[in-house]
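Below: the structure, in structure tokens.
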Amino acid sequence: APAAATARRTRPAMPADAVLINANENPLGPCTAACEAIAAIAHKGGRYDIDGETAKLTTTFAKQNGLKEDYISVYAGSSEPLHFTVLAFTSPTRGFVTADPSYEAGMRAAMIAKAKISKIPLKADYSHDVKAMVAADPNAGVIYICNPNNPTGTLTTKEDIIYALENKPKGSILLVDEAYIHLSDAPNVLDLVAADKDLIVLRTFSKVYGMAGIRCGFAVGRPDLLAKLQPFGQNAMPITGSAAANVSLLDPELVPIRRKIIADTRNDTFEFLKANNYKYIPSHSNCFMIDTGRNGQQVIAAMREKNVFIGRTWPIWPNVVRVSVGTPAEMAKFKTAFKEVMDAPPT
Ligand code: PLP
Numbered sequence: 005a006p007a008a009a010t011a012r013r014t015r016p017a018m019p020a021d022a023v024l025i026n027a028n029e030n031p032l033g034p035c036t037a038a039c040e041a042i043a044a045i046a047h048k049g050g051r052y053d054i055d056g057e058t059a060k061l062t063t064t065f066a067k068q069n070g071l072k073e074d075y076i077s078v079y080a081g082s083s084e085p086l087h088f089t090v091l092a093f094t095s096p097t098r099g100f101v102t103a104d105p106s107y108e109a110g111m112r113a114a115m116i117a118k119a120k121i122s123k124i125p126l127k128a129d130y131s132h133d134v135k136a137m138v139a140a141d142p143n144a145g146v147i148y149i150c151n152p153n154n155p156t157g158t159l160t161t162k163e164d165i166i167y168a169l170e171n172k173p174k175g176s177i178l179l180v181d182e183a184y185i186h187l188s189d190a191p192n193v194l195d196l197v198a199a200d201k202d203l204i205v206l207r208t209f210s211k212v213y214g215m216a217g218i219r220c221g222f223a224v225g226r227p228d229l230l231a232k233l234q235p236f237g238q239n240a241m242p243i244t245g246s247a248a249a250n251v252s253l254l255d256p257e258l259v260p261i262r263r264k265i266i267a268d269t270r271n272d273t274f275e276f277l278k279a280n281n282y283k284y285i286p287s288h289s290n291c292f293m294i295d296t297g298r299n300g301q302q303v304i305a306a307m308r309e310k311n312v313f314i315g316r317t318w319p320i321w322p323n324v325v326r327v328s329v330g331t332p333a334e335m336a337k338f339k340t341a342f343k344e345v346m347d348a349p350p351t
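Quick note: the sequence shown, position 212, residue 216 per mature numbering (1 follows the signal peptide of the UniProt record, and there is no 0), numbers continuous.
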């Protein structure tokens, strides 16, 4: 039967003291300069774009990364170019290859394109099995590499990305999703873009820059590849997003400071997990996975009862839950609630 028609889901209001560590957000929010830029430009919001804000942002990112400006397309977040890339490069005859578990939005776009989907389990060390991914489908259109991976926070080496570029099926592209790159030592592959290789790199301001609700992101790739995304939509940028992103990029301290804050909180949480013999996957990102040894859905529900909202499970690992890194105060509440839940017998 066809799915019941429902309007787009929106997030309900949460209790004021809820601990929201379910969506890999950044509790620090936009930096002060970004908030000031948003306030300063808001009154010009009657215009689609004004003061060349989006062009300025493109120039800043191009200069900082040694890229030509036409190798950069600005979007309101990275979700749109992620969907558009998959829609443009997969089809009933060009498949989609992803790691499992990984971020699933691309796979959902591949379903719309009626593409064959190949899900390749992570290796024993939880990294992408790049050799198996490039060999999975001789007619692949897109090979999706999330680096660091969501949900595991694990890394793919530059060697592996170069291997994939050199060994992928003819006519396919790599889609390297770098939503979390600033939080980790994941390799920068923008030099491969500048060298005109067959890849599109996605960046977002939703994570380290704390702008998930403001919206800004990039698709970075050869102009002929980026042109293939355009028929799927070229909406105007929110000028607040462009202005906030530009000043965020211009602050050289922002990424290292935030990266350290998030890593310190994450590593402190790992100490707690270790001390209590909970099994977790060491992560380089702002989320990590815990093997609860029981049905993960029940753990999530029990945590919710304690006003702590943790992330979800993936079908391949039903006992493993994803947790995002919140503030130290939020993670203190997480620790207390998680221990209580795990000390109680499974329901
Ligand atoms: N890619 C990955 C790996 C993500 O985890 C997310 C969001 O959680 C996105 C892309 C999309 O984020 P946005 O559209 O906010 O840039």
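Don't be surprised by glycine CBs; every beta carbon is placed ideally from N, CA and C. Everything numeric in this text was worked out from a predicted model, so none of it was measured.
*Nearest-angstrom Cα separation, counted from Met307 out to Tyr148*: 32 Å
*Along the chain, where does the beta strand (DSSP E) that runs through Tyr148 open and close?*
144-150
*Nearest CA to the CA of Ala37: which residue from Thr331, Leu253, Ile261?*
Leu253
*Residue range of the beta strand (DSSP E) that includes Phe209*: Here Phe209 belongs to no beta strand (DSSP E), and DSSP marks it neither H nor E.
*Could you check where the alpha helix (DSSP H) with Lys337 kicks off and where it finishes?*
332-347
*Tell whether a beta-carbon distance below 8 Å holds between Met146 and Phe93.*
Note that residue 146 is Val in the sequence shown, not Met. Yes, the pair counts as a contact, with Cβ atoms nearer than the cut-off.
*Kindly indicate the opening and closing residues of the alpha helix (DSSP H) around Arg112.*
109-116
*Cβ of Ser77 within 8 Å of Cβ of Phe236?*
no
*CB-CB under 8 Å to Thr317, same chain, minus the five flanking residues each way: which ones, in chain order?*
Gly300, Gln301, Ile304, Asn323, Val324, Val325, Arg326
*Are there 16 or more other CB atoms within 10 angstroms of the CB of Arg13, so buried, or fewer, so exposed?*
exposed
*Collapsed DSSP secondary structure at Met241 in the structure displayed*: coil
_I'd like to confirm something about Tyr130: is its beta-carbon nearer than 7 Å to some heavy atom of the ligand GDP, or not?_
Here the bound small molecules are the ligand PLP; the ligand GDP is not part of this structure.
*According to DSSP, what are the bridge partners of Phe222?*
Val78, Arg207
*For Cys150, verify whether its CB is less than 7 Å away from any heavy atom of the ligand PLP.*
yes
*Pick out whichever of Leu91, Ala140, Lys232, Lys174 has its Cα sitting closest to the Cα of Ala103.*
Ala140
*Pairwise C-alpha distance: Asn290 and Val23*: 15 Å
*Residues near the ligand PLP, criterion Cβ-heavy atom distance below 6 Å*: Asn28, Gly81, Ser82, Ser83, Leu86, Tyr107, Cys150, Asn154, Asp181, Ala183, Thr208, Ser210, Ala216, Gly221
*Which full runs of the beta strand (DSSP E) of 3+ residues lie inside the segment 271-334, going along the chain?*
283-285, 291-295, 312-314, 324-328
*In terms of residues, what are the limits of the alpha helix (DSSP H) holding Lys172?*
From DSSP, Lys172 is part of no alpha helix (DSSP H); its letter is neither H nor E.
*Taking the C-alpha atoms as reference points, what is the distance between Pro152 and Leu258?*
19 Å
_Based on DSSP bridge pairs, tell me the residues matched to Phe100._
Ile121, Val146
*Is DSSP giving Asp195 helix, strand or coil here?*
helix
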